[in-house]
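**Q**
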């Protein structure tokens, strides 16, 4: 074997040589990076980052676009983002923009959110006229482009704007609430490009025009792109008031989702009373409000290993990263009872990739739930009918035992309920007639 | 036998990009680079680089692959056309798209975003490497492009996800019944994550066509393209029939 390092092409050029640092030396050389991953180092960019909403209002003033506003009727609550800017979070009249991964794979995730909204008398619409953001596929495969992502974004958000007409209510009645972290990040990024590029607006306007999805002949841009975890965050005290189970004995770790706070980081929520204002407030806020012990761990900043394409076709990476960098650390370092997330891909990755660890002597068993699922459990939601915990591969049963929930009895109730379903009896969170707003199957419903 | 005498996998595949002879005609390399630069995101994602390496230090893919976001940025910043082409053969597909690099870069670069431009360009130029990498992903692309949903309940089964263990569902019942037991009526489906309105699908197809996505797909997997266009034709016919019925009723 040759000892000439230049023979291994790395793209660094022929003069490149391995540093040959020992693991200990490498650790010393890079440890400063790990120490500089909090909010304060992100703040160094502040002077060079603009608030894209300023340009958005100017475009509207110039007659280029129409802005879908968060209005008083949406009962907004204000939060602060990374640089201390204000963000309006609508709390009612919400149009659920679902996540394909959540709905396909962990359906208790959206069901728990809607259940919480029912508890709080939140008005919403869950309808069929929507596609996914298509960004999972884009980030995984490269099939798609900025124009297609922008057109899908504007089509879905236009539908949110007009959906209430099917119920005899006015346009802009509902405001879109994005369930998926990747959709949230992607839409924020695409909105930036739409606002900055007249060329992109021009090309997408042709498409939206063809679809009949312009407002007064203009593109409709949302004032805020809002993630469901932001709604959960601003509603945390009201949700905590409905808690029926003592969760103070639970040691929770939080996995913040990359596409929620690393994509367009200036739009993510930070709160001085949560994590010292140095880390994303979403999820930690609700877990603290409910009364759990939120435990820090050294790899909180790491991604989950989802990788978009990797979770499908290169799973060695996904499961190795998920186990070694997240699950193992949460169990051994934080002695966690549960890991809480707020994104589709993260929950899937961390939940599904534990069993295979046994093959490598890493048989960790850490319950994985979304923040809204945990909140629903704490507020007395049925662990199977609502939280749908049977779809989780991780041992949610151990968490339920710590919460004092008799999961075996609840599971038996659910199995009995399946027999009722076979007989045509089904319980829903809302009137099923509302889910179709046009086309085949549409049944007009008069406004209340 | 030495590693050098055998040649590396990259060298066998495309030649040695840093050798005397360019692996591709210069004009082709320039065409690829021009495609990258012409994307309006390029100047936004690439602002400069001092090789600090903070992006690579926090990169999950760098833990497991011969991949470095710093290297990607350097190749583009120094306009190393051979190196860019080489990276597009394999390295760009290692990126996990977490954007940790983008959040960390003191220059405001987005190596993850640049990787996406390189992936799109690899597809545009129908690189064999892109076709090979995406072959196992075709099931997902079929679902996404034909239905607008990336993932469907019927895709999650033990044959496709054996490494996820025995608990696809901890309650043993037919998928259809389990899906009806979700208290959101939009989710009582098995072939899509939620029920998608027919009009929505037809509108999505227009987006795919007008943005060149179908053309991308045709270049990368012609068989998949044929299957998807058949599905699109069928749904468009259904929509036309519905509209015709509506007119008759009026």
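Protein chains in written order, with the numbering used here: chain A, 962 to 1409; chain B, 1258 to 1507.
Where is the CB? At the ideal position from N, CA and C, for every residue including glycine.
Please list the terminal residues of the continuous alpha helix (DSSP H) segment that includes residue 1496/B.
**A** Position 239 of the second chain, counted from the first residue, corresponds to residue 1496/B. From DSSP, the alpha helix (DSSP H) with residue 1496/B extends over 1479 to 1506.
**Q** Which residue or residues does DSSP assign as beta-bridge partners of residue 1042/A?
**A** In the first chain, the residue the question calls residue 1042/A occupies position 81. In the DSSP output, where bridge partners are listed per residue, residue 1042/A has 1230/A.
**Q** On a CA-only basis, which of 1055/A, 1018/A, 1316/A and 1208/A is nearest residue 1423/B? Give me that one, please.
**A** Along the second chain, read from residue 1 onward, the residue named residue 1423/B stands at position 166. Nearest of 1055/A, 1018/A, 1316/A and 1208/A to residue 1423/B, Cα basis: 1316/A.
**Q** Taking the CB atoms as reference points, tell me whether residue 1405/B and residue 1457/B lie closer together than 8 Å.
**A** On the second chain, residue 1405/B is found 148 positions in, with the first residue counted as 1. On the second chain, residue 1457/B is found 200 positions in, with the first residue counted as 1. Result yes, Cβ atoms of residue 1405/B and residue 1457/B sit closer than 8 Å.
**Q** Grab me the residues of residue 1184/A's own chain with a C-beta within less than 8 Å of its C-beta, minus the 5 sequence neighbours each way, in chain order.
**A** On the first chain, residue 1184/A is found 223 positions in, with the first residue counted as 1. Around residue 1184/A: 1014, 1017, 1028, 1029, 1030, 1031 and 1049.
**Q** Whole angstroms is fine: what's the gap from residue 1072/A's alpha carbon to residue 1330/B's?
**A** Here residue 1072/A is taken as the residue at index 111 of the first chain, counted from 1. Here residue 1330/B is taken as the residue at index 73 of the second chain, counted from 1. Spanning the two alpha carbons is a distance of roughly 42 Å.
**Q** Residue range of the beta strand (DSSP E) that residue 1300/A falls in?
**A** Against the first chain, residue 1300/A aligns to sequence position 339. Its beta strand (DSSP E) spans residues 1299 to 1302.
**Q** Expressed to the nearest angstrom, what Euclidean distance is found between the alpha-carbon atoms of residue 1230/A and residue 1249/A?
**A** By 1-based counting over the first chain, the position of residue 1230/A is 269. By 1-based counting over the first chain, the position of residue 1249/A is 288. If I take the Cα positions, the gap works out to 16 Å.
**Q** Pull out every residue of the segment 1423 to 1455 of chain B whose Cβ sits closer than 7 Å to any Cβ of chain A, in chain order.
**A** Cβ contacts with chain A come from 1424, 1426, 1427, 1428, 1430, 1434, 1437, 1438, 1439, 1440, 1441, 1442, 1443, 1444, 1450, 1451, 1452, 1453, 1454 and 1455.
**Q** Thinking C-alpha only, which one of 1374/B, 1311/B, 1315/B and 1322/B is nearest residue 1302/B?
**A** The residue labelled residue 1302/B in the question sits at position 45 within the second chain. The shortest Cα separation from residue 1302/B among 1374/B, 1311/B, 1315/B and 1322/B belongs to 1374/B.
**Q** Can you find a CB in chain A that lies within less than 8 Å of the CB of residue 1345/B?
**A** Taking the first residue of the second chain as 1, we reach residue 1345/B at position 88. Closer than 8 Å: no.
**Q** Is DSSP giving residue 971/A helix, strand or coil here?
**A** Locating residue 971/A in the first chain gives position 10, where the first residue counts as 1. Here the model assigns residue 971/A a pLDDT of 42, short of 50, so the residue's position is not dependable and the matter cannot be decided.
**Q** Does chain A have any CB closer than 8 Å to the CB of residue 1469/B?
**A** The count along the second chain starts at 1 and reaches residue 1469/B at position 212. Judged by the 8 Å Cβ criterion, residue 1469/B is in contact with chain A.
**Q** Using a Cβ-Cβ cut-off of 8 Å, state whether residue 1373/B counts as contacting chain A.
**A** Taking the second chain and counting its residues from 1, the one referred to as residue 1373/B is at position 116. Yes, residue 1373/B lies at the interface with chain A (some Cβ there is under 8 Å from its Cβ).
**Q** Indicate the three-state DSSP secondary structure (helix, strand or coil) for residue 1323/A in the structure shown.
**A** Mapped onto the first chain, residue 1323/A falls at position 362. Residue 1323/A falls in the coil class under three-state DSSP.
**Q** Let's see if you can read the secondary structure: which residues bound the beta strand (DSSP E) around residue 1408/B?
**A** Working through the second chain from its first residue, we reach residue 1408/B at position 151. Run containing residue 1408/B: none; DSSP gives neither H nor E here.
**Q** Confirm, please, whether the CB-CB distance from residue 1328/A to residue 1360/A is below 8 Å.
**A** Position 399 of the first chain, counting from 1, holds the residue named residue 1360/A. Position 367 of the first chain, counting from 1, holds the residue named residue 1328/A. Yes, the Cβ-Cβ distance between residue 1360/A and residue 1328/A is below 8 Å.
**Q** Using a Cβ-Cβ distance cut-off of 8 Å, determine whether residue 1293/B contacts chain A.
**A** Here residue 1293/B refers to the residue found at position 36 when the second chain is read from its first residue. For residue 1293/B, the closest Cβ of chain A is not nearer than 8 Å.
**Q** Decide if residue 1300/A is buried, meaning its Cβ has at least 16 other Cβ atoms within 10 Å, or exposed.
**A** Start at 1 with the first residue of the first chain, and residue 1300/A comes out as number 339. Label assigned to residue 1300/A: buried.
**Q** Whose CA, out of 1116/A, 1054/A and 1245/A, lies closest to the CA of residue 1303/A?
**A** As a first step, residue 1303/A must be located in the first chain, where it is residue number 342. Checked all of 1116/A, 1054/A and 1245/A; the closest Cα to residue 1303/A is 1245/A.
**Q** Looking only at C-alpha atoms, which of 1383/B, 1434/B and 1470/B sits nearest to residue 1285/B?
**A** Within the second chain, residue 1285/B is the residue found at index 28, counting from 1. Measuring from the Cα of residue 1285/B, the nearest candidate turns out to be 1383/B.
**Q** In chain B, which residues lie less than 8 Å from residue 1269/A when you measure between Cβ atoms?
**A** One-based indexing of the first chain puts residue 1269/A at position 308. Simply 1353 and 1354.
**Q** Classify residue 1137/A as helix, strand or coil using the three-state DSSP reduction.
**A** Translated into the one-based positions of the first chain, residue 1137/A becomes position 176. Reduced to three states, the DSSP call for residue 1137/A is strand.
**Q** Looking only at C-alpha atoms, which of 1289/A, 1342/A and 1340/A sits nearest to residue 1324/A?
**A** Taking the first chain and counting its residues from 1, one reaches residue 1324/A at position 363. Its Cα nearest to that of residue 1324/A, the residue 1289/A stands out among 1289/A, 1342/A and 1340/A.
**Q** Can we say the segment 1414 to 1433 of chain B touches the segment 1347 to 1361 of chain A, given the rule of at least three CB pairs closer than 8 Å?
**A** yes
**Q** In chain B, which residues lie less than 8 Å from residue 1093/A when you measure between Cβ atoms?
**A** Residue numbering aside, residue 1093/A sits at position 132 when the first chain is read from its first letter. What residue 1093/A touches in chain B: 1401, 1405, 1406, 1407 and 1450.
**Q** With distance defined between alpha-carbon atoms, name the residue in 1268/A, 1306/A, 1332/A and 1156/A nearest to residue 1242/A.
**A** Your numbering for residue 1242/A matches position 281 in the first chain. Nearest of 1268/A, 1306/A, 1332/A and 1156/A to residue 1242/A, Cα basis: 1332/A.
**Q** Specify, as a first and last residue, the run of the beta strand (DSSP E) that residue 1020/A falls within.
**A** Looking up residue 1020/A in the first chain gives position 59. Run containing residue 1020/A: none in the beta strand (DSSP E); it sits in the alpha helix (DSSP H), 1013 to 1022.
**Q** How would you label residue 1409/A, buried or exposed, when you count the other beta carbons within 10 angstroms and need 16 or more for buried?
**A** In the first chain, the residue the question calls residue 1409/A occupies position 448. For residue 1409/A, the predicted structure reports a pLDDT of 48, less than 50, and the residue's modelled location is therefore unreliable. A value from the coordinates is still provided. When all chains shown are included, residue 1409/A counts as exposed.
**Q** For residue 1343/A, collect the residues of the same chain with a Cβ closer than 8 Å to its Cβ; drop the 5 residues on either side in sequence, then sort them by chain order.
**A** The residue labelled residue 1343/A in the question sits at position 382 within the first chain. Here the set comprises 1371, 1374 and 1375.
**Q** Tell me, please, which residues DSSP counts as bridged to residue 1162/A.
**A** What you label residue 1162/A is simply residue 201 of the first chain in a count that begins at 1. DSSP lists no partner for residue 1162/A.
**Q** Check whether the segment 1254 to 1261 of chain A and the segment 1172 to 1181 of chain A are in contact - that is, three or more C-beta pairs closer than 8 Å.
**A** no
**Q** Among the candidates 1498/B, 1315/B and 1314/B, whose CA atom is the shortest distance from the CA of residue 1455/B?
**A** Taking the second chain and counting its residues from 1, one reaches residue 1455/B at position 198. Considering only alpha carbons, the answer is 1498/B.
**Q** How would you write the range of the beta strand (DSSP E) that residue 1327/B sits in, first residue to last?
**A** Counted from its first residue, the second chain places residue 1327/B at position 70. Taken as a continuous stretch (DSSP letters only), residue 1327/B belongs to no beta strand (DSSP E), being part of the alpha helix (DSSP H) at 1326 to 1334.
**Q** Compare the Cα-Cα distances from residue 1268/A to each of 1227/A, 1091/A and 1100/A and report the closest residue.
**A** Taking the first residue of the first chain as 1, we reach residue 1268/A at position 307. Among 1227/A, 1091/A and 1100/A, the Cα nearest to that of residue 1268/A is on 1100/A.
**Q** On a CA-only basis, which of 1438/B, 1460/B, 1370/B and 1416/B is nearest residue 1383/A? Give me that one, please.
**A** Walking along the first chain from the start, residue 1383/A turns up at place 422. Looking at the Cα atoms, 1438/B is the closest of the given residues.
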